[in-house]
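Here's the structure we're looking at; comments come further down.
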Amino acid sequence: MRHALIAFTILALGACNTPAPPADDAARQQQDVAAVNAFVDHIGETFNTGNLDAFMQVFTEDAIQFNQGMPDVVGKAAIRKLYEDALAQNDIKVAFHTQEVSVSGDLAYEGGTYDILIRPRDNPAAEPMTVTNRHVHVLKRQADGSWKTWRMMTNGSAAAAAPK
21 MRHALIAFTI LALGACNTPA PPADDAARQQ QDVAAVNAFV DHIGETFNTG
71 NLDAFMQVFT EDAIQFNQGM PDVVGKAAIR KLYEDALAQN DIKVAFHTQE
121 VSVSGDLAYE GGTYDILIRP RDNPAAEPMT VTNRHVHVLK RQADGSWKTW
171 RMMTNGSAAA AAPK
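Take the sequence shown: its position 161, counted from the start at 1, is 181 in the numbering used here, and no numbers get skipped.
Put into structure tokens, the structure is as follows:
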């Protein structure tokens with residue numbers, strides 16, 4: 021009887037440590053990917069309102085932005101300055117086009133292209149310049165379950181000319 025009780029206890033404790041079924045993992049992954057896609061849409065929508073305070077809420081305090089041909093922009097305050105300067109000179113609109121999303125625990129990455137429309141503020145009648153570039157967002161899940169941009173990299177979509 022004693023051996024049967026020990027065996028039952030071991031089986032019961034083992035059942036308590038059984039990982040969630042794969043279906044739960046797949047459902048969680050789908051939810052996370054949907055949340056990341058919604059967050060990236062929110063980044064573009066918030067930026068396009070022109071409300072810099074609202075837009076800056078998409079970044080973590082220790083965020084870093086890596087832009088082609090520029091030094092790294094380190095920290096939320098420096099990122100804010102980058103956008104303040106750009107928006108002071110130009111009316112800018114952006115649209116992200118996600119091509120890939122992957123989530124692993126509390127980190128996610130999203131990559132694709134984005135279209136940026138730039139019109140100089142000192143010449144509102146000028147034809148806007150439209151550029152398509154590439155981007156990668158590395159996002160960090162926050163304590164409340166939301167996502168914020170932790171790292172962001174952008175670069176031109178045209179291939180660099182071959183060296184001569």
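For every residue, glycine included, the Cβ atom is placed at its ideal position computed from N, Cα and C.
* Asked: The alpha helix (DSSP H) with Arg100 in it runs from where to where?
  -> Reading the sequence shown from its first residue, position 80 is the one you call residue 100. That run of the alpha helix (DSSP H) goes Lys96 to Gln109.
* Between the beta-carbon of Ala74 and the beta-carbon of Thr80, is there less than 7 Å? -> Taking the sequence shown and counting its residues from 1, the one referred to as residue 74 is at position 54. Taking the sequence shown and counting its residues from 1, the one referred to as residue 80 is at position 60. Taking 7 Å as the Cβ cut-off, Ala74 and Thr80 do not qualify as a contacting pair.
* Spatial distance of Ile138 from Asp44 (CA atoms) -> For the purposes of this step, residue 138 is identified with residue 118 of the sequence shown, where counting begins at 1. For the purposes of this step, residue 44 is identified with residue 24 of the sequence shown, where counting begins at 1. For Ile138 and Asp44, the distance between alpha carbons rounds to 44 Å.
* Under 7 Å between the Cβ atoms of Trp170 and Ala83? -> In the sequence shown, the residue the question calls residue 170 occupies position 150. In the sequence shown, the residue the question calls residue 83 occupies position 63. Yes, the Cβ-Cβ distance between Trp170 and Ala83 is below 7 Å.
* Grouping DSSP H, G and I as helix and E and B as strand, with all else coil, what is Glu147? -> If you number the sequence shown from 1, residue 147 lands on position 127. DSSP places Glu147 in coil when its eight states are reduced to three.
* Asked: With a CB to CB cut of under 7 Å and the five nearest residues on each side skipped, what residues in its chain are close to Arg161?
  -> In the sequence shown, residue 161 corresponds to position 141, counting from 1. Excluding sequence neighbours, Arg161 sits near Asp126 and Trp167.
* From Lys113, Asn57, Asp92 and Lys101, residue whose alpha carbon lies closest to that of Pro140 -> Here the question's residue 140 lines up with position 120 in the sequence shown. If we check each option's Cα against that of Pro140, Lys113 comes out closest.
* Asked: Applying the criterion that 16 or more other CB atoms from any shown protein chain within 10 Å of the CB defines a buried residue, is Asp164 buried or exposed?
  -> As a position in the sequence shown, residue 164 is number 144, starting the count at 1. Asp164 is exposed by the Cβ-count criterion.
* **Lys168: CB within 6 Å of a non-hydrogen atom of the ligand ADP** => Absence of the ligand ADP from the depicted structure is noted, as is the absence of any ligand whatsoever, leaving it without description.
* To do: Excluding the 5 residues preceding and the 5 following Met76 in the sequence, name in chain order all residues of the same chain whose CB lies nearer than 6 Å to its CB.
  => As a first step, residue 76 must be located in the sequence shown, where it is residue number 56. Answer for Met76: Arg100, listed in chain order.
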